[in-house]
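Just so we're aligned, residue 161 is where the sequence shown starts under the numbering used here, counting upward by one. Each residue gets a CB set at the ideal place from its N, CA and C atoms; glycine is no exception. All remarks here apply to the structure that follows.
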Amino acid sequence: MLPADDDLLETNIISPSTRQWGVASGSCPALNSYGIRSVGVAEVGLGYKIVRLRPTFGHINICLEGSGLHLVDRQWVELPTGAAILRPAFDTQGAWQRERKPWRMAWVIFDERTDPLASRQETVSRVVQTDPAAWDCALKGLRLELQTFMDPQHLAAWAQTIFLLSRRVLSGEVDRLAPLWQHVESRLAHPWSVTELAAWAKMSEVHLRRLTRAAWHRSPMQHVSWLRIRRAEYLFSLPGQTVENVAAEVGYESTSSFTAAFKRWRGRSPRAAERVSAASGE
Numbered sequence: 161m162l163p164a165d166d167d168l169l170e171t172n173i174i175s176p177s178t179r180q181w182g183v184a185s186g187s188c189p190a191l192n193s194y195g196i197r198s199v200g201v202a203e204v205g206l207g208y209k210i211v212r213l214r215p216t217f218g219h220i221n222i223c224l225e226g227s228g229l230h231l232v233d234r235q236w237v238e239l240p241t242g243a244a245i246l247r248p249a250f251d252t253q254g255a256w257q258r259e260r261k262p263w264r265m266a267w268v269i270f271d272e273r274t275d276p277l278a279s280r281q282e283t284v285s286r287v288v289q290t291d292p293a294a295w296d297c298a299l300k301g302l303r304l305e306l307q308t309f310m311d312p313q314h315l316a317a318w319a320q321t322i323f324l325l326s327r328r329v330l331s332g333e334v335d336r337l338a339p340l341w342q343h344v345e346s347r348l349a350h351p352w353s354v355t356e357l358a359a360w361a362k363m364s365e366v367h368l369r370r371l372t373r374a375a376w377h378r379s380p381m382q383h384v385s386w387l388r389i390r391r392a393e394y395l396f397s398l399p400g401q402t403v404e405n406v407a408a409e410v411g412y413e414s415t416s417s418f419t420a421a422f423k424r425w426r427g428r429s430p431r432a433a434e435r436v437s438a439a440s441g442e
């Protein structure tokens, strides 16, 4: 650990020997579905130094290989392979490579509107342990798919894996409701209710609500709605889909309720997605 640095300045130095790649949600909509603004990986070279005094976004930075310096409570601390630093918005952030040695790191930047660090009321950076191999696999998988087939379903799977790894790092525990949501995803057209969800998960409705809020920051039925709209977005990536057909397939009895839900979660009308689907089928 180096002494505390009380004279930090906003810095953005990407050294010539640094090699990095990243993708934003604008180029990979699957990330946006999980509230992720961008992800990336850097092979950090000597002289790399980034300092953000009051960043408006939260993010996770993971050391995949080697080690490097990170700002923690305004002190430069060396973090080894397998360390992840959780950085909430407006807390001073920094990374620095002072020596010529291996360091490969990854990052996940969250959308300001759905930042899980903000919803957990995190205000200062903290360091936790994670599995670097799992992160490496997920990020390489996403990158390879983007460079080759660009299949929306495969991209969604990699985006979900990155999201789930992020949530595990944030919560420090495995999602107990994962089997329930996998079951719901296999039957999205079913008219689910909180009572039925709780019965399937073998717990009370109160406990189900508490666990869902803790993991996803929404109610169980809101999460069902989110799963339906996420599936709808994928279906619209296929040729020849109509709003009416997609609405029925994901469990909406009327197109008006489906349209309202789609606009609420995606900020646009499903008719726009329908036009893209029609164009891809021509």
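Asked: Same chain, Cβ closer than 7 Å to P240, five either side skipped, listed in chain order; Found: C223 and S227
Asked: Top-ranked residue by Cα proximity to A407, from K300, A361, K362 and P351; Found: P351
Asked: Exposed unless 16 or more other CB atoms sit within 10 angstroms - verdict on Q313; Found: exposed
Asked: For G218 and A433, the rounded distance between their alpha carbons; Found: 30 Å
Asked: Among P176, N172, L191 and A184, the one whose alpha carbon lies nearest that of F323; Found: L191
Asked: Cβ distance (whole Å) where A359 is taken to contact S193 below 8 Å; Found: Contact flag wrong, Cβ pair sits at about 28 Å.
Asked: Rounded separation between V120 and R388 - CA only; Found: Residue 120 lies beyond the stretch modelled for the chain, which goes from 161 to 442, so this question has no answer here.
Asked: Rounded straight-line distance, which links the Cα of E393 to that of R428; Found: 11 Å
Asked: Buried or exposed by the 16-neighbour rule on C-beta atoms within 10 Å, applied to W181; Found: exposed
Asked: Contacting residues, own chain, Cβ-Cβ under 8 Å from W263 (five flanking each side not counted); Found: E203, V204, C223, E225, G226, S227, G228 and Q257
Asked: Nearest to H343 (by Cα), restricted to the options R328, A361 and L330; Found: A361
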